[in-house]
Every structure is written in C-alpha cells, then in structure tokens.
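Participant: Attaching a single structure in structure tokens format; questions to follow.
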Amino acid sequence: MLNTKDILETIRMIENENLDIRTITMGLSLLDCADSDIDRSCAKVYDKITKCAARLVPTGEEIERTYGIPIINKRISVTPIALLAAVSGGDPVKYALTLEKASQAVGVNFIGGYSALVHKGFAAGDKELIASIPEALASTEHVCSSVNIGSTKAGINMDAVKLMGETVKRAAELTKDNNCIGAAKLVVFCNAPEDNPFMAGAFHGIGEPDCVINVGVSGPGVVRAALAKNPDCDLTEVADIIKKTAFKITRMGQLVGTVASEKLGVPFGIVDLSLAPTPAVGDSVAHILEEMGLEICGTHGTTAALAMLNDAVKKGGVMASSHVGGLSGAFIPVSEDAGMIHAARTGDLSIEKLEAMTAVCSVGLDMIIIPGETSATTISAIIADEAAIGMVNSKTTAVRVIPAIGKKPGEELEFGGLLGSGPIMALHNDRSSEKFISRGGRIPAPMQSLKN
Amino acid sequence: MKAIITVVGRDTVGILAKVSAVCSDNNANIIDVTQSVLKDIFTMVMLVDISDLVSDFTDLQNALYALGDKIGMKIHVMHEDIFNSMHHI
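Written out as structure tokens, the structure is:
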C-alpha cells in the first residue's frame, strides 16, 4: 500500500527537483522507402513518418497529463539516410528537407538519422551524405545528423575523421549568423548505439524492428537533492543513495515506455538509463559532483566522482527496467548544464579535463564551444582522440563541438532551449596535428576487439 | 483504475469538503483519505476510484486544478501507477 511519504516524495521530485522524462523517441525504419528515384523515395519517407508517428505527440501529452510527469521531448529517429541515398542517388539534402517537413507535420522536437556509418570505410551514398551535412543542417531546423567513424571492432576510419573535422567546421560556418547552430546538431561517434533515444545522435539502426519506442529518463536534480540530505556520509553510502534514486527515476521511464508502447501499438525497445542535465537551475550533473564534495566541477577528483556517479546510475537503473540500452550513463554536455557552464566560465573546467571525464561516463566531448579559428585538422584530431578512448574502452564516445565562427575565447554563444549557452573554451595547445590527420587510412582495431 | 489526489497549502476551513464535492460531481469514488496539519501547512492525500467517471479523467483534473487555483492550494491529480512503479518492486 502506498504511504503519504512516498507520494509526496514523488511530487516533490517532479515539482522541485526537475524530475522528468527527457524523451520518448520513436525509432522508425525507412528501409522499405528506398527507391531508385529520389523524389519517389522522399515521398515514401514522408508518408511513412507521418503515418507511423501521427499519434506520437498527442499520446505523449496524454501520458504527461494522466501521470503528472513532464515528458520534455517527443522525437523520431530513422534509418541512416545514407542507406536511402545509396539506392536513390541524387542530392541527399532532399531527404533532409523531407525529414524537416515530416517532423513539422507530426510536431516532434527533433528528428535524427541524417547519418552515415563509415567506421570501416565508405559505401555508396556515404560520402555524398557527409558532404551534404552542413547544407542539410543549415536549411532545416529539426533535423539532426550523426556519423559513426570508429568502433572497437573496426578501428578508426581516419579518412572519415579528416572529413568530419571539415564537416563540423563547415556546418558552423554556414550557420554563423545563427549561433553556429549547425554544429550543435551534428555528432561524430565511435561505437554509436543503434537504439539511442537522445539527440543529436539518435538514429534507428538496421538491426532494429520496423518501429519501436525508446525512452530516455533524466533527473540530475533528484540525485543532487538526495545527496544534499546526507552531507556527511561516506562514498559507499553516496553510491547507495545514487543507486536508489536512479532506480526510482528509471522505474518511471519504464512505466512511461510501457504505456506509450501500448497506446501506440508499437513494441517497447529500451530505457536509456541516463542522467541528462538541462540549463535549468537544479538540473545539473556538475552540481551532483559538487554536492559530493568538489569545490567546482573540473577540479582534481572530478573524474573519480563522475566514474562513481556513472556506475551507480547504471547499477540502480538496470534492475528497474526490462531492457536497457542507448547511451545509459551520466551526460556531460557543457552548454546544457548550469554547473558546467559556470565552471567553464571561471576557467576551472578545461577541454583536457573533459576529455578525461569522457573515459568514465556515457558520451564524450559534448556541446563544447571552441574558438572559431580552430582549424579543421585540429577538430579532426579532437575527434580522433575521443574516438580512441571509445575504441579502446569498448564504449560509446562522441564529439559535438561548436566552432564559434568569428568569435574569440571569453565570448559566448546562446543556442536557447535545452541546448543552452556557454562560453568559448580555449584549446590550450595550438600546435598542428595536420600531418597526422592527413595521412588517412585506418587505425586498426585494438586487441580488445578480439573476444571470440 | 485509481488516481491519487494530493492537496498541499495553508490550512483553511472546508478544503476536504470542496475537494470531495468535485470528486462527487465527477462520480469519482473516494476510497481512502489521509491528512495532516503541520504548522498551518495542510497536506491531504486521497485515493479515488476513477473507473466510473461521468466525464474524462482530464475533466476531473481540470476541475480540481481550477479549485486549487481558487482556494490557493497546490492540487495534483495523478494516476496511481506512477507511485506504484516508483515505490514498489
């Protein structure tokens, strides 16, 4: 039987501690839309998305009301568009415009999957799609793009790494009058998950069913509040508190996913056990680390604290959900986290420290604004470093950096909404990596890949 | 199907009566009520059966939210499953 304390605790989490479901994401296969004529292909894509996802947003809103839990985003992820471009040929931007039109028709916040998987090399359609990414992101609002350039099994495709450095820079240049937003919608992955509900990196992998519902939970504010009530306990107890809180958060995600899948008549895929911050006060992963006893996120001890947080979130969440997937872990997107923004402004959080942090948490160098004059090869080198961490540690890593075209360290970009804002972070080493990047080829898969 | 209604705010006369009246208007059967007053702060948790509502669940919610605004109390109406899933294994 429910008791008053539990009921009021749930309400407090939602009202005061920003507990929410971050996203319900419908994964949708577009493989059956492939056609040798690009216009016919686009028409089929539009029809399939608007048919399958027609009730996604109203159903999400109904669940929000019934259960009293905010669901911040309703999103769609689709089959990597490079696969369709391979069949149809033609200008892939047409697909981006189709996705944009479809996303507006069904009212979702984002649609992901303007993607290519090139970790071992380029197939038909891949290079064309990558070349079109900057224009696609500049000419659409809701479309998100990702490219997987490496994996533990395949190694790192350094030709793709070189291309992506140029692509990130170009995406920022084409949107320089709009806070370089193009680069904020583009993720470069190593070990990209095929069932990730979070943007900008969501796409619907080819091993997935035709249509599926994935859920991403959130709740850094709840974890921080739970720790604040126990200011003097030791770290074993801290880990326990995080586990218990993560369990409760994830159970809610499981409930929402189950109900959404029933109402939509679509199978339930996974819950992504995530701690996803927002720029709102009290919804910060950095503040959890600070609650653990760090003066500011980014100081010595940050990596250890984050490692423990990330692990405890997974341990607490895994029992609460029937299927776990996606990125699962703590996110550290700088511009989307009030505590990270503050630490970046004061100079206590550096890109070098963030790189170390990505070795122990869920994603990678995420939503980091870098000087606009950073060369494409340096961006490629940042991508290569990050991909190497993912490849060797058999984990997902990603790079989403935003070159602030025409701006210098100290200035800020303002994306608005969940993408937040943040200062330009200096790169402390401006020496060239050009020769290394321009060699091309592949970094061979590490010993860790030989598990059979 | 059951829902939980919570009412929190400064204690005044007739809160229980007003909330009950809205439930009755919508044919929501009150199964259990618990309330406490701590330093003038009134907290009430009510379990109601909403299987035979004369209206939509949304209408009951809207009526209670409107009442909450009128009498200056914070009212929540939520399906009981969210609490069950969060607090029971």
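Here the protein sequences come in this chain order: A and B. Throughout the first sequence, residue numbering follows the working numbering, covering 1308 to 1759 in sequence. Throughout the second sequence, residue numbering follows the working numbering, covering 153 to 241 in sequence. Even for Gly, the Cβ is constructed at its ideal location relative to N, Cα and C. Just so you know, these numbers come straight off a predicted model, no measurement behind them.
Would you mind reading off the limits of the alpha helix (DSSP H) that contains Ser1629 of chain A?
Facilitator: Note, Ser1629 of chain A: premise wrong, no alpha helix (DSSP H); not H, not E.
Participant: Here's a check: name, in chain order, each residue in its chain whose Cβ is nearer than 7 Å to the Cβ of Lys1401 of chain A, leaving out the five neighbours to either side.
Facilitator: Answer for Lys1401 of chain A: Ile1345 and Cys1349, listed in chain order.
Participant: Quick one: grab the DSSP three-state call for Gly1489 of chain A.
Facilitator: Correct three-state label for Gly1489 of chain A: helix.
Participant: DSSP has Phe1575 of chain A in a bridge; who is on the other side?
Facilitator: The partner list for Phe1575 of chain A (beta bridge, DSSP) reads A:Ile1520.
Participant: What is the rounded straight-line gap between the Cα of Ala1479 of chain A and the Cα of Glu1324 of chain A?
Facilitator: Roughly 34 Å between the two C-alpha positions.
Participant: 9 Å is my cut-off, CB to CB: does Lys191 of chain B come that close to chain A?
Facilitator: Not closer than 9 Å to any Cβ of chain A, the Cβ of Lys191 of chain B fails to qualify, so no.
Participant: Kindly give me the distance between the Cβ atoms of Ser1292 of chain A and Tyr1421 of chain A, rounded to whole angstroms, as I take these residues to be in contact under 8 Å.
Facilitator: For chain A, the structure presents residues 1308 to 1759; residue 1292 of chain A sits outside this window and is missing.
Participant: For the region 1603-1686 of chain A, list the alpha helix (DSSP H) runs that are entirely contained and at least 4 residues long, ordered along the chain.
Facilitator: Listed in chain order, the complete alpha helix (DSSP H) runs (minimum 4 residues) inside the region 1603-1686 of chain A are 1609-1625, 1645-1653 and 1658-1665.
Participant: Kindly list, in the order they appear in chain B, the residues whose Cβ is closer than 7 Å to that of Arg1372 of chain A.
Facilitator: What Arg1372 of chain A touches in chain B: Thr210 and Gln213.
Participant: Between the Cα of Val1415 of chain A and those of A:Ile1356, A:Glu1721 and A:Asp1673, spot the shortest distance and give me the residue it belongs to.
Facilitator: Closest option to Val1415 of chain A, Cα to Cα, is A:Ile1356.
Participant: Where does the unbroken alpha helix (DSSP H) through Pro1527 of chain A begin, and where does it stop?
Facilitator: Run containing Pro1527 of chain A: Pro1527 to Ala1535, per the alpha helix (DSSP H) assignment.
Participant: When you compare only the Cα positions, how much space is there between Lys1492 of chain A and Leu168 of chain B?
Facilitator: Cα-Cα distance, rounded: 51 Å.
Participant: Identify whether Pro1751 of chain A lies in helix, strand or coil by the three-state DSSP scheme.
Facilitator: Looking at Pro1751 of chain A - three-state DSSP - the assignment turns out to be coil, as it is neither helix nor strand.
Participant: Gln1411 of chain A CB to nearest chain B CB: under 9 Å?
Facilitator: For Gln1411 of chain A, the answer is no, since every Cβ of chain B falls outside 9 Å of its Cβ.
Participant: Find the residues of chain B that neighbour Arg1558 of chain A, judging by a C-beta separation of less than 8 Å, and give them in chain order.
Facilitator: Within chain B, the residues near Arg1558 of chain A are Ser237 and Met238.
Participant: Between the alpha carbons of Thr1610 of chain A and Arg1652 of chain A, how many angstroms are there, rounded?
Facilitator: Cα-Cα distance, rounded: 19 Å.
Participant: How far does the alpha helix (DSSP H) with Asp1417 of chain A in it extend, from its first residue to its last?
Facilitator: This sequence places Phe at residue 1417 of chain A; Asp is not what is there. No alpha helix (DSSP H) holds Phe1417 of chain A; the beta strand (DSSP E) holding it covers Phe1417 to Leu1424.
Participant: Residues of chain B with CB under 7 Å from Ile1328 of chain A, in chain order?
Facilitator: Result: empty, since nearest Cβ-Cβ is about 11 Å, beyond 7 Å.
Participant: What are the boundary residues of the beta strand (DSSP E) that includes His228 of chain B?
Facilitator: Element bounds for His228 of chain B: Lys226 to His231.
Participant: Give every residue of the same chain whose Cβ lies closer than 7 Å to the Cβ of Cys1340 of chain A, excluding the five residues on either side of it in the sequence, and list them in chain order.
Facilitator: Closer than 7 Å at Cβ, skipping near neighbours: Ser1348, Lys1351, Val1352, Lys1355 and Leu1391.
Participant: Using DSSP bridges, identify the partner residues of Ile157 of chain B.
Facilitator: The partner list for Ile157 of chain B (beta bridge, DSSP) reads B:Met198 and B:Val229.
Participant: Buried or exposed for Cys1540 of chain A, going by 16 or more other Cβ atoms inside 10 Å?
Facilitator: Result: exposed.
Participant: Just to confirm the assignment, what range does the beta strand (DSSP E) spanning Asp184 of chain B have?
Facilitator: Element bounds for Asp184 of chain B: Asn181 to Leu190.
Participant: Do Asn1521 of chain A and Gly1572 of chain A have their beta-carbon atoms positioned less than 9 Å apart in this structure?
Facilitator: No, they are not a contact pair.
Participant: Since Asn1759 of chain A is in the alpha helix (DSSP H), which residue starts that stretch and which ends it?
Facilitator: No alpha helix (DSSP H) contains Asn1759 of chain A, which DSSP labels as neither H nor E.
Participant: If you drop the 5 nearest sequence neighbours on each side, which residues of the same chain put their C-beta closer than 6 Å to that of Ser1410 of chain A?
Facilitator: Excluding positions up to five away in sequence, the list reads Ile1418 and His1449.
Participant: I need the straight-line Cα distance from Met1664 of chain A to Val189 of chain B, nearest angstrom please.
Facilitator: Near 47 Å, if we compare the C-alpha coordinates of Val189 of chain B and Met1664 of chain A.
Participant: Quick one, are the C-beta atoms of Pro1527 of chain A and Ile1595 of chain A less than 9 Å apart?
Facilitator: Yes, the pair counts as a contact, with Cβ atoms nearer than the cut-off.
Participant: Using only the alpha-carbon positions, how far apart do Cys1518 of chain A and Asn1736 of chain A sit?
Facilitator: Cα to Cα, the separation comes out at about 46 Å.
Participant: Against chain B, does Asp1313 of chain A count as a neighbour if the rule is that its beta carbon must be under 9 Å from one of theirs?
Facilitator: It does; some Cβ of chain B falls within 9 Å.
Participant: Using a Cβ-Cβ cut-off of 8 Å (strictly less than) and excluding sequence neighbours within five positions of Gly1636 of chain A, which residues of its own chain qualify?
Facilitator: Cβ neighbours of Gly1636 of chain A beyond the five flanking positions: Leu1580, Ser1581, Leu1582, Asn1617, Val1620, Lys1621, Cys1668, Ser1669 and Val1670.
Participant: Where are the alpha helix (DSSP H) runs, 4 residues long or more, that stay fully inside the region 1445-1512 of chain A, in chain order?
Facilitator: Segments of the alpha helix (DSSP H) lying fully in the region 1445-1512 of chain A: 1465-1481 and 1488-1491.
Participant: Is DSSP giving Ile1709 of chain A helix, strand or coil here?
Facilitator: If DSSP states are grouped into helix, strand and coil, Ile1709 of chain A belongs with the strands.
Participant: Mind listing the chain B neighbours of Ile1378 of chain A? Cutoff is C-beta to C-beta under 9 Å, in chain order.
Facilitator: Going along chain B, no residue has its Cβ under 9 Å from Ile1378 of chain A, so there is no contact; the nearest lies around 12 Å.
Participant: From Thr1681 of chain A to Glu1371 of chain A, what distance separates their C-alpha atoms?
Facilitator: One C-alpha to the other measures close to 43 Å.
Participant: Show which residues of chain B have a CB atom less than 7 Å away from the CB atom of Lys1555 of chain A.
Facilitator: Simply Met238.
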